[in-house]
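A short write-up of the structure that comes next.
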Amino acid sequence: MTSKYTPNEMMTIAAARALKNEDVVFVGIGMPSAASNLARLTHAPAITLIYESGTLATKPSVLPLSIGDGELCETALTTVSVPEMFRYWLQGGRITVGFLGGAQIDRFANLNTTVVGPYAKPKVRLPGGGGAPEIANSCGEIFIIMAQGKRSFVDKLDFITSLGHGEGGDHRSRLGVKTKGPTRLVTDLCIFEPDPRSKEMTVAAIHPGVTREKIQENTGWPVRYADKVAETSPPTARELEVLRELHARTARAHGEAA
Amino acid sequence: MKLEPITRAHRPKRKEVLMTENEATALIKDGDVVIVGGFGTVNHPMPIIRALIRRKVKNLTVIGAATAGLEIDLLIGAGCVKKVIAPYIGAELYAPIGHCFRRAAEAGDIEIYETTEYLLYSQLDAAARGLGFLPWRGGVGTAIPKLNPDYIPFNDPIYGEPYLAVPALHADWAIIHVGQADSYGNGQHGGVRFGDRLLSRAAERVMLTAERIVPNSEIRKNPWATSIAYADVVVEAPYGSHPYASHGFYVEDEEAIRNYVTASIAFRKNDMATWNAYIEQWVTGMHAHADYLAKLPGDRLAKLQNALHA
Numbered sequence: 001m002t003s004k005y006t007p008n009e010m011m012t013i014a015a016a017r018a019l020k021n022e023d024v025v026f027v028g029i030g031m032p033s034a035a036s037n038l039a040r041l042t043h044a045p046a047i048t049l050i051y052e053s054g055t056l057a058t059k060p061s062v063l064p065l066s067i068g069d070g071e072l073c074e075t076a077l078t079t080v081s082v083p084e085m086f087r088y089w090l091q092g093g094r095i096t097v098g099f100l101g102g103a104q105i106d107r108f109a110n111l112n113t114t115v116v117g118p119y120a121k122p123k124v125r126l127p128g129g130g131g132a133p134e135i136a137n138s139c140g141e142i143f144i145i146m147a148q149g150k151r152s153f154v155d156k157l158d159f160i161t162s163l164g165h166g167e168g169g170d171h172r173s174r175l176g177v178k179t180k181g182p183t184r185l186v187t188d189l190c191i192f193e194p195d196p197r198s199k200e201m202t203v204a205a206i207h208p209g210v211t212r213e214k215i216q217e218n219t220g221w222p223v224r225y226a227d228k229v230a231e232t233s234p235p236t237a238r239e240l241e242v243l244r245e246l247h248a249r250t251a252r253a254h255g256e257a258a
Numbered sequence: 259m260k261l262e263p264i265t266r267a268h269r270p271k272r273k274e275v276l277m278t279e280n281e282a283t284a285l286i287k288d289g290d291v292v293i294v295g296g297f298g299t300v301n302h303p304m305p306i307i308r309a310l311i312r313r314k315v316k317n318l319t320v321i322g323a324a325t326a327g328l329e330i331d332l333l334i335g336a337g338c339v340k341k342v343i344a345p346y347i348g349a350e351l352y353a354p355i356g357h358c359f360r361r362a363a364e365a366g367d368i369e370i371y372e373t374t375e376y377l378l379y380s381q382l383d384a385a386a387r388g389l390g391f392l393p394w395r396g397g398v399g400t401a402i403p404k405l406n407p408d409y410i411p412f413n414d415p416i417y418g419e420p421y422l423a424v425p426a427l428h429a430d431w432a433i434i435h436v437g438q439a440d441s442y443g444n445g446q447h448g449g450v451r452f453g454d455r456l457l458s459r460a461a462e463r464v465m466l467t468a469e470r471i472v473p474n475s476e477i478r479k480n481p482w483a484t485s486i487a488y489a490d491v492v493v494e495a496p497y498g499s500h501p502y503a504s505h506g507f508y509v510e511d512e513e514a515i516r517n518y519v520t521a522s523i524a525f526r527k528n529d530m531a532t533w534n535a536y537i538e539q540w541v542t543g544m545h546a547h548a549d550y551l552a553k554l555p556g557d558r559l560a561k562l563q564n565a566l567h568a
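Residue numbers (this note's numbering), protein chains in the order written: chain P, 1 to 258; chain A, 259 to 568.
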């Protein structure tokens with residue numbers, strides 16, 4: 001069965017597929033949380049989801065609206081303090097995947113969540129980095145999920161809040177950062193992966209029905225493509241059903257904000 | 259053999275520290291450095307926040323919990339804040355950014371200390387331990403140390419790995435919301451503690467708001483649940499985190515949070531009539547926390563409490 005689906009659903013489902021049963025994932029609120037829980041409810045039932053508020057191996061039945069949500073604590077294996085989470089789990093190297101979103105990204109998957117425009121006179125003040133800067137450095141690898149657009153996929157960031165591949169190439173390791181950094185960027189149009197040498201995020205797979213023109217129109221730098229570009233498999237009936245049920249449950253619990 | 263009791267030098271005897279939120283708030287002065295506990299939309303000491311605004315306290319430096327929420331945003335919108343030390347001000351799916359914070363930041367009305375969650379906690383941790391600094395890896399390679407000269411890149415002397423040296427950050431007050439406390443300053447969280455224990459140890463003085471006050475004998479029944487001992491001030495504040503949740507007691511009031519977000523968007527757009535009406539209705543047009551609770555629709559609090567066990 002091929003049902004109709006939205007670009008956002010394709011994005012969430014493509015991101016969920018990247019997660020494995022054995023992953024220990026540091027999950028952000030919003031799209032990362034939807035994708036991680038979709039993975040848990042479909043192909044990766046044993047996945048370990050960790051939220052920065054201190055919840056370990058949580059299994060929320062509705063998606064949290066904010067990080068302190070009681071749903072995350074009540075359905076967790078245990079909760080630890082936030083300092084313990086950051087010291088022992090994150091910096092201690094126990095997280096395999098950090099799952100981030102962001103306001104702005106560049107071709108090397110550096111993220112900006114601080115300001116748009118000059119720092120002293122910002123055009124737009126953003127909420128701040130939160131824990132993303134340390135998540136970006138301390139998790140084994142980083143997945144990023146972001147809807148694509150020229151204002152968010154920019155040629156040059158005003159401010160690097162969270163390190164991706166820096167200026168590209170071996171910049172990350174020259175800075176002394178030993179983790180892999182962003183290995184996958186899933187958007188509503190396609191999937192980017194870093195070029196093995198330059199570390200520039202290059203398109204590895206295109207979602208069904210999306211053209212290269214459309215990808216370029218929504219990207220602030222000249223997009224490069226991998227030698228072999230795949231087409232993302234469309235959502236299966238089961239993936240769509242589980243994702244929609246998750247959102248429906250959340251909406252029933254929380255109303256329009258969900 | 260009878261052992262001498264262990265006491266803190268400046269408080270040789272057990273002392274009652276229970277007071278009203280207005281008496282407690284009077285201890286906080288213009289220009290103080292104040293840590294506000296809780297996390298996101300949970301466990302914020304709201305009666306103290308509102309009393310600070312009613313007292314028109316000015317020039318506070320506020321240190322948010324790592325995920326600081328709209329409680330700090332409210333203080334900014336009410337004009338109490340000179341400087342914000344927090345890695346994030348917002349409420350995620352309710353509000354991707356605190357709107358008062360955004361306007362004040364874009365207008366240059368507040369000073370912002372750029373940090374990350376654990377750069378901030380490392381600073382408070384250093385203060386709590388009596389150390390001058392602690393090392394942290396997060397933020398290496400980003401623009402944050404360029405904008406905040408307090409963070410000094412260095413290589414550790416043993417393995418040569420790059421870190422940021424983060425200096426101790428001292429505060430005058432930590433204000434923390436707990437589930438229950440006795441009148442001597444011993445508190446127990448009703449659920450998750452987030453970073454509150456660390457926050458409390460980083461400040462010179464600790465103020466608790468508690469959902470209920472219980473006898474010391476009740477606290478001593480569960481010593482392992484006592485998360486904060488020897489607070490300097492305790493305030494009885496049933497539903498004291500409203501509109502935010504208090505773990506173990508009630509869930510967040512989504513409608514009231516959305517009302518705040520609507521008012522704060524008006525503030526950002528310079529619609530001061532709407533913002534001032536909100537402040538008058540929910541903050542300044544009352545004398546005490548009890549008046550605030552009385553303004554809520556009759557069955558609202560019971561619903562929030564019942565939803566906890568739904």
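For glycine and all other residues, C-beta sits at the position ideal for the given N, C-alpha and C.
Pairwise C-alpha distance: residue j and residue i
i	j	result
D383(A)	E213(P)	51 Å
M1(P)	L19(P)	In this predicted model, M1(P) has a pLDDT of only 44, less than 50, meaning its place in the structure is not dependable enough to derive any value.
H428(A)	G399(A)	26 Å
G327(A)	T55(P)	19 Å
N564(A)	A253(P)	14 Å
N21(P)	A426(A)	40 Å
A432(A)	I293(A)	4 Å
D106(P)	A136(P)	15 Å
A258(P)	R244(P)	Interpretation of A258(P) is limited by its pLDDT of 48, a score under 50 that renders its predicted location unreliable; no figure is taken from the coordinates.
I95(P)	E134(P)	12 Å
G335(A)	Y550(A)	19 Å
H435(A)	G131(P)	23 Å
M304(A)	A34(P)	31 Å
L111(P)	T187(P)	14 Å
M530(A)	I410(A)	41 Å
S173(P)	F159(P)	20 Å
G418(A)	G176(P)	9 Å
W221(P)	V124(P)	21 Å
L273(P)	V62(P)	Beyond the ends of chain P as shown, which are 1 and 258, falls residue 273(P); an answer cannot be given.
T278(A)	I286(A)	14 Å
Segment limits, beta strand (DSSP E) that includes residue i
i	result
D331(A)	No beta strand (DSSP E) contains D331(A), which is instead part of the alpha helix (DSSP H) from 328 to 335.
H435(A)	429 to 439
R260(P)	Since the first residue of chain P shown is 1 and the last is 258, residue 260(P) is not available in this structure.
Neighbour list for residue i in chain P, Cβ cutoff strictly below 7 Å
i	result
G396(A)	P133, E134, N137, S138
G348(A)	P127
P420(A)	L175, G176
V300(A)	G68
Residue i - containing alpha helix (DSSP H), residue span
i	result
D383(A)	375 to 387
W533(A)	530 to 537
M304(A)	304 to 312
T283(A)	279 to 283
V292(A)	Note, V292(A): premise wrong, no alpha helix (DSSP H); beta strand (DSSP E) at 291 to 294.
S138(P)	132 to 138
P7(P)	7 to 17
E245(P)	237 to 254
N474(A)	474 to 479
A323(A)	Premise fails: A323(A) is in no alpha helix (DSSP H) and is neither H nor E.
Beta-carbon separation (whole angstroms), residue i vs residue j, contact threshold 8 Å
i	j	result
F99(P)	F143(P)	5 Å
G369(A)	K341(A)	Note on residue identity: the sequence assigns Glu, not Gly, to residue 369(A). The Cβ separation is near 4 Å, so the contact holds.
I330(A)	G322(A)	5 Å
A353(A)	G298(A)	That belief does not hold up - the Cβ atoms of A353(A) and G298(A) are roughly 11 Å apart, past 8 Å.
P235(P)	M10(P)	6 Å
D288(A)	V320(A)	With 8 Å as the limit, D288(A) and V320(A) do not qualify as a contact, their Cβ atoms being about 13 Å apart.
Cβ of residue i within 8 Å of any chain D Cβ
i	result
Q104(P)	Of the protein chains in this structure, namely P and A, none is chain D.
Contacts of residue i in chain A (Cβ-Cβ under 7 Å)
i	result
T79(P)	V450
Q91(P)	R395
F86(P)	E375, Y376, Y379
Listed by chain order, chain A residues near residue i by CB distance under 9 Å
i	result
L246(P)	Chain A residues near L246(P): none, gap ~14 Å exceeds 9 Å.
Chain-ordered chain P contacts of residue i [CB-CB under 9 Å]
i	result
L456(A)	S81, V82, P83
Contact list for residue i against chain P, beta-carbon separation under 8 Å
i	result
T467(A)	Ordered by position in chain P, no residue passes the 8 Å Cβ test against T467(A), which lies about 16 Å from the chain.
Y409(A)	What Y409(A) touches in chain P: nothing, since even the nearest Cβ is about 11 Å away.
Closer than 7 Å: residue i CB and nearest the ligand MG heavy atom
i	result
E84(P)	Among the components of this structure there are no ligands whatsoever, and the ligand MG is therefore not found.
Segment contact flag, the stretch 377 to 392 of chain A with the stretch 552 to 561 of chain A, C-beta cutoff 8 Å, min 3 pairs: no
Three CB pairs or more closer than 8 Å across the stretch 83 to 103 of chain P and the stretch 48 to 57 of chain P: yes
Stretch pair the stretch 67 to 80 of chain P + the stretch 501 to 511 of chain A: three plus CB contacts closer than 8 Å: yes
The stretch 226 to 239 of chain P touching the stretch 192 to 209 of chain P, judged by at least three CB pairs closer than 8 Å: Taking a contact to require three or more Cβ pairs closer than 8 Å, the stretch 226 to 239 of chain P and the stretch 192 to 209 of chain P qualify as touching.
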